[in-house]
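Here the structure is laid out as structure tokens; the discussion comes afterwards.
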Amino acid sequence: MYYDRTVSDSLIVELKPDGAFSFLADISRRHHWADLQLRSYPGKPACWATLYFGLTKIIDVHERNGSFRLKGGKHAPEAFSPDWTEKRVAGDWRLPSTQEAVVAYVRAAMGAVDDRFSHEGAIQAMLCTRAADLFSVVDREAVVGFSNTAERDAVYSALQQPLHDAISPDPTRKWWKPKKFGGELDVLAVDDAGRLLTIEVKPGSATDGVTWSPLQATFYARLFSAWADERGPAAVDDIKSMLDQRVDLGLTSARQRSLRSPLEVVPVVAIGGGASPAALERMRAVQQALVASGAGRDDLEIWQVEEIVRYSHIPWSEGA
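Under this note's numbering, the very last position in the sequence shown is 320; numbers go up by exactly one each time.
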């Protein structure tokens, strides 16, 4: 197993003020639905940064051996130049005409995202950019990697089977139909107590999602605990390196949060908006079944995330 999304110094430099792509970090800091995440694979020379708008990927900036290229998202393709997919040195990306064109594309792509996708991802984005007093975000859509599919399947099976056994189908409850889920954790963060939080985010309107969220959050906590156990003391250093880079870019709180060693991984369910009483009751039933079986975690935390403030732009001049 592996997990380390530390990126190159070259990419960090170009995302910082006066860098070729500093505007991406600036957008992430200023817009409550925007979020910039850093990506890499251990031992690989390439790395990249992804700007999200809600749940939607807007643009990737790829770096390899000091050269950079861009990859656009699905929105506003007419504003994305095919030439940007070719590798260029940082100085070429700093040219005013190029920067203006890339910024224009990003704005067009963000403006083309359907409201329902930005609203659904607003909870994740808010937790990543507006919850600095509560925790520091390490990663979003965090994925533990494996050397091959067989290893992944074996680990997933060993971690999931006790959970699925605890919530086997119940014919007396029609809604008791466990959902399948993938390996992407919504948010990985560190709190003031130095705990590593595996946060599963659900909009309150998603009844099924809220219902089975303890199952997902518990699995991700087990998965990251297994990675930490295999990695040993270096796991703390890996998380700290990722966190330090986000702090350096102003993407998460500079507040000092020292990780516990060995890592203490805690599952969290974060519900945005008002969940129905029925959904909350079902969620509690799932959590109680997991704990009663011995497979669940009695330290699982359930958060009600307050509604974020929404705003509209006020133009400061004609055509702005």
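In this text, a Cβ means the ideal position worked out from N, Cα and C, and glycines have one as well.
- Annotated three-state conformation of P267 is strand, per DSSP.
- Counting only the Cα atoms, S261 lies some 42 Å from A109.
- With a cut-off of 8 Å on Cβ pairs, the stretch 9–23 is in contact with the stretch 59–79, counting three or more such pairs.
- By alpha-carbon distance to T56, the top candidate from V269, L38, G72 is G72.
- Taking a contact as a CB-CB distance under 8 Å, the pair V268 and E301 counts as one, their CB atoms being some 5 Å apart.
- Our two residues, Q161 and A234, have alpha carbons roughly 28 Å apart in a direct line.
- Following the DSSP letters along the chain, one finds H62 inside the beta strand (DSSP E) bounded by residues 56–64.
- The distance from the Cβ of L196 to that of L259 is about 7 Å, consistent with a contact at the 8 Å cut-off.
- Beta-bridge analysis with DSSP links P203 to G272.
- At least 8 Å separates the beta-carbon of Y2 from that of P45.
- By the Cβ-count criterion, P214 is buried, with 16 or more other Cβ atoms from all chains shown falling within 10 Å of its own Cβ.
- In the three-state reduction of the DSSP assignment, W93 falls in the helix class, which pools H, G and I.
- Between the beta-carbon of A166 and that of G296 there is about 7 Å, and that keeps the pair under the 8 Å contact cut.
- When the five nearest sequence neighbours on each side are left out, the beta carbons in the same chain lying within less than 8 Å of the beta carbon of S28 are those of A34, D35, L36, L51, T129, L251, in order along the chain.
- In this structure, the beta-carbon distance from V210 to M283 falls below 8 Å.
- One alpha carbon belongs to V144, the other to F219, and they sit about 12 Å apart.
- With respect to the 8 Å criterion, L249 and A25 are classified as neighbours on the basis of their beta carbons.
- Sequence-distant Cβ neighbours of S241 in its own chain, meaning closer than 8 Å and more than five residues away, are D4, T6.
- Secondary structure at D4: coil, using DSSP grouped into helix, strand and coil.
- Looking from the CA of F68, the closest CA among A76, Q216, F80, G91 belongs to G91.
- The C-beta of R30 has fewer than 16 other C-beta atoms within 10 Å across all chains shown, which makes the residue exposed.
- By alpha-carbon distance to D208, the top candidate from S276, Q245, R94 is S276.
- Taking all protein chains in view, the Cβ of T198 is crowded by 16 or more other Cβ atoms within 10 Å, so the residue is classified as buried.
- The C-beta distance from Y105 to F80 rounds to 5 Å, short enough to meet the 8 Å contact threshold.
- For L223 against L159, the beta-carbon gap comes to about 6 Å, under 8 Å, which counts as contact.
- When C-alpha distances from E184 are compared across D18, I58, A221, G111, the shortest belongs to A221.
- E100 counts as exposed, since fewer than 16 other beta carbons sit within 10 angstroms of its beta carbon.
- Residue pairing for W48: DSSP places it in a beta bridge opposite R39, H62.
- Separation of S205 and G274 (C-alpha to C-alpha, rounded to the nearest whole angstrom) is 7 Å.
- Here the alpha carbons of K174 and I58 stand approximately 40 Å from one another.
- Residue range 135–142 is occupied by the beta strand (DSSP E) that includes A142.
- L70: member of the beta strand (DSSP E) spanning 67–72, first to last residue.
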